[in-house]
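Q: Would you mind keeping the following structure in view while I ask a few things?
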Amino acid sequence: MTVSYWTGQNLTLRAIQPEDIVVFELLDDEILRNMDSIHFPRSADQMSEWIEEQLSEEDDEFRFIAVDKDNNIVGMIETFDCDLKNGIFDYYLAVFEPYRGKGYAKEMILMVLRFFFSERAYQKVNTTVYSFNEPSMRLHEKLGFLKEGQLRNILFTKGTYHDGICYGMLKQEFEQKHGIL
């Protein structure tokens with residue numbers, strides 16, 4: 000049986016392409032808020048420069064675009080703070096509004112974790128969910144992540160400070176809950 004880490008039951012994860020600039024230009028404030036990425040407007044040159052930076056892979060830090068079977072872009076997931084020496088990495092994800100509640104976030108997370116635990120020798124994943132994002136907190140708990148802490152008032156948006164809820168999962172916990180392949 001051939002295993003493809005990047006093709007799941009309902010979606011495929013792929014690298015960013017230069018033409019994906021339009022996706023990032025159209026991100027709404029709710030998605031940007033969850034990524035702590037609301038910025039001043041950017042020029043076309045600034046956006047092109049940012050896309051170019053994203054196209055260069057840096058170690059295991061990678062931004063994936065998730066597309067469904069009809070090739071619609073449903074969201075993205077990015078790995079960062081990849082520490083291979085200690086076997087720890089972080090990620091964040093975004094699912095665009097029309098595609099939420101369809102299981103895409105779960106599938107994206109499981110695909111990336113399966114690859115990082117099976118092929119890249121990582122032993123732990125961390126993620127931080129902002130306290131206003133209850134659906135994401137429920138999803139991570141359902142997937143088997145443990146709440147490891149709470150960072151108070153780390154994000155200011157909509158005129159209010161919000162906490163960061165820190166979740167983590169060990170490779171062994173992932174294997175017990177989801178299997179490795």
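Note that numbering that gives the first Met the number 0 numbers the sequence shown so that position 25 is 24, with each residue one more than the last.
Backbone N, C-alpha and C fix where the C-beta goes; we use that ideal spot for every residue, glycine too.
(1) How about Thr126 and Tyr166: do their beta carbons lie closer than 8 Å?
(2) Using DSSP's beta-bridge definition, name the partner residues of Tyr91.
(3) Distance, Cα to Cα, Met0 vs His177?
(4) Would you kindly check if the distance between the Cβ of Ile179 and the Cβ of Phe114 is under 8 Å?
(5) Give the secondary structure of Phe63 by DSSP, where H, G and I count as helix, E and B as strand, and everything else as coil.
(6) Where Phe223 and Ile164 are concerned, what is the direct C-alpha to C-alpha distance, given to the nearest angstrom?
(7) If I follow the unbroken beta strand (DSSP E) through Ile108, where does it start and stop?
(8) Terminal residues of the continuous alpha helix (DSSP H) containing Phe173?
A: Here's the rundown:
(1) yes
(2) Glu77
(3) Below a pLDDT of 50, predicted positions are generally treated as unreliable, and Met0, at 41, falls in that range; the measurement from the model is reported next regardless. C-alpha separation (whole angstroms): 19 Å.
(4) no
(5) strand
(6) Since the first residue shown for the chain is 0 and the last is 180, residue 223 is missing from the structure and cannot be characterised.
(7) Element bounds for Ile108: not the beta strand (DSSP E) but the alpha helix (DSSP H), 103 to 118.
(8) 170 to 177
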